[in-house]
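Enquirer:
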Amino acid sequence: MKNLLIFIALLMVGNTVVAQEKLYLLFEFMHVDNEQEVEYSATEEFWEKIQAQRVKGGDIMGWDLWALSPGGEMQDFQYLTVTVYNDPVKMMDGSSWAHLMDRAKAAYPGMSEADLNKKLNHSSTTRDLAVRIFSEEIATTKGDFDMPIGTIAQMDMMKVGLMEYESYEKAEMEIFQPIHQKAVDSGGKANWGLIRFISPIGSDTYASHMTVSMFKDYKQALNQNINWAEGATPASTKAMQDGIALRDMKYVYMAKLIRKVR
-8 MKNLLIFIAL LMVGNTVVAQ EKLYLLFEFM HVDNEQEVEY SATEEFWEKI
42 QAQRVKGGDI MGWDLWALSP GGEMQDFQYL TVTVYNDPVK MMDGSSWAHL
92 MDRAKAAYPG MSEADLNKKL NHSSTTRDLA VRIFSEEIAT TKGDFDMPIG
142 TIAQMDMMKV GLMEYESYEK AEMEIFQPIH QKAVDSGGKA NWGLIRFISP
192 IGSDTYASHM TVSMFKDYKQ ALNQNINWAE GATPASTKAM QDGIALRDMK
242 YVYMAKLIRK VR
């Protein structure tokens, strides 16, 4: 179960940044025991102001906190943070953390450096940072959805062979993306995106890609109704079937956006 939840990420970014700018996403999955819930909530409230200063300082483009559903203790992860970058090197080499104490002081000017260090160090005791994933968004629908608090994300995790990446991604973008765009245009969903994992990858990983559908609330999510056969021809139907055959859908999960910094 732990591995199968590693890759839920989504996409969880929505159309909240400048159009056509390449997005790189760092997903961090948290295991939080029931008795840690209050402390963990306070931890993320503390970090939210620091993340806002990181955005202001140009370290990152954004940061989100998602509550995973159902998220029971035996299901390994209860929360997910997503940090948004426009530079993959900055995402992976740790350089975006170089000014952490400066950002913390800007967020909490009334606190001493010693107190800030104590607070920062306390964060790790309120949750277990269980899994870290580096990824990139490679396709998304068009629209003006700005992913407000309360947004619901449905994440479909796919396993694709390394030699089939190109064919699978082409199928998603040429066959399925236009269908999702129609759903967005008609009000059936808020956004759709395709995510490729940068690290880890390989035959032993649980998934390699994720598609993410976003909805304004659970009512919209639970009432989605895409007519996959509308306007289909024998050729397009075969192309759709061939595209589906390229991947193994491993798992579908849901998440609710509870904190956001842009």
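Residue numbers (the working numbering): -8 to 253.
Cβ coordinates follow ideal geometry from the N, Cα and C atoms, glycine included.
1) Leaving aside the five residues before and after V4 along the sequence, list all residues of the same chain whose C-beta is less than 8 Å from its C-beta, in chain order.
2) Could you tell me if T131 is buried or exposed, where buried requires 16 or more neighbouring beta carbons within 10 angstroms of its beta carbon?
3) For the region 148 to 160 and the region 91 to 106, state whether three or more C-beta atom pairs, one from each stretch, are separated by less than 8 Å.
4) Which one of A162, L153, I249 has the shortest CA to CA distance from D195?
5) What does a CB cutoff of less than 6 Å around F20 pick up in its chain, not counting 5 residues either side in sequence?
6) Determine the extent of the alpha helix (DSSP H) in which Q211 is found, giving its start and end residues.
7) Taking C-beta to C-beta, are W38 and S114 nearer than 9 Å?
8) Mind checking which residues open and close the alpha helix (DSSP H) that includes V203?
9) Which value, in whole angstroms, describes the spacing of the CA atoms of H22 and A58?
10) Counting pairs of beta carbons, one from the region 75 to 94 and one from the region 140 to 151, are three or more of them closer than 8 Å?
11) Can you check DSSP and say which residues form a bridge with N182?
12) May I ask which residues mark the beginning and end of the beta strand (DSSP E) holding A89?
13) Does DSSP put K161 in a helix, in a strand, or in coil?
14) For A246 versus S60, is the C-beta distance shorter than 9 Å?
15) If you follow the alpha helix (DSSP H) that S227 is part of, which residue opens it and which one closes it?
16) Who are the near neighbours of V46 in its chain, counting only those whose CB is closer than 8 Å to its CB and skipping five residues on each side?
17) Pick out the complete beta strand (DSSP E) segments inside the region 64 to 116, 3 residues or longer, and give them in chain order.
18) Would you kindly check if the distance between the Cβ of F136 and the Cβ of M82 is under 9 Å?
19) What's the gap between the Cα of R238 and the Cα of V151?
20) With the cut-off set at 9 Å, would you say A230 and I166 are in Cβ contact?
21) What are the boundary residues of the beta strand (DSSP E) that includes Y242?
Expert: With the given structure in hand:
1) Any reading at V4 needs caution, since the residue's pLDDT is 43, under 50, leaving its predicted position unreliable; the model's value is listed next. Closer than 8 Å at Cβ, skipping near neighbours: L14, L16, G53, D55, V73, V75, E128, M138, G184.
2) Its Cβ being crowded by 16 or more others within 10 Å, T131 is buried.
3) Contact fails: fewer than three Cβ-Cβ distances are below 8 Å.
4) With distances taken between CA atoms, D195 lies nearest to L153 out of A162, L153, I249.
5) Here the set comprises F68, L71, A121, V122.
6) Q211 -> alpha helix (DSSP H) spans 209 to 213.
7) Yes, they are a contact pair.
8) DSSP places V203 outside any alpha helix (DSSP H); the residue lies instead in the beta strand (DSSP E), whose first and last residues are 200 to 206.
9) Distance between H22 and A58, taken at the CA atoms: about 11 Å.
10) Judged by pairs of C-beta atoms under 8 Å, the region 75 to 94 does not touch the region 140 to 151, as fewer than three such pairs exist.
11) Bridge partners of N182: M205.
12) Segment: none, A89 is in no beta strand (DSSP E) and carries neither H nor E.
13) The three-state reading of DSSP puts K161 in helix, counting H, G and I together.
14) Result yes, Cβ atoms of A246 and S60 sit closer than 9 Å.
15) For S227, the enclosing alpha helix (DSSP H) covers residues 225 to 236.
16) M52, G53, W54, V252, R253, listed in sequence order.
17) Counting only runs of at least 3 residues, the region 64 to 116 fully encloses the following beta strand (DSSP E) elements, listed from N- to C-terminal order: 70 to 76.
18) With contacts defined by Cβ atoms closer than 9 Å, M82 and F136 do not form a contacting pair.
19) Answer to the nearest angstrom: the Cα atoms are 5 Å apart.
20) Note that the C-beta distance between A230 and I166 is below 9 Å.
21) Segment 239 to 252, the beta strand (DSSP E) holding Y242.
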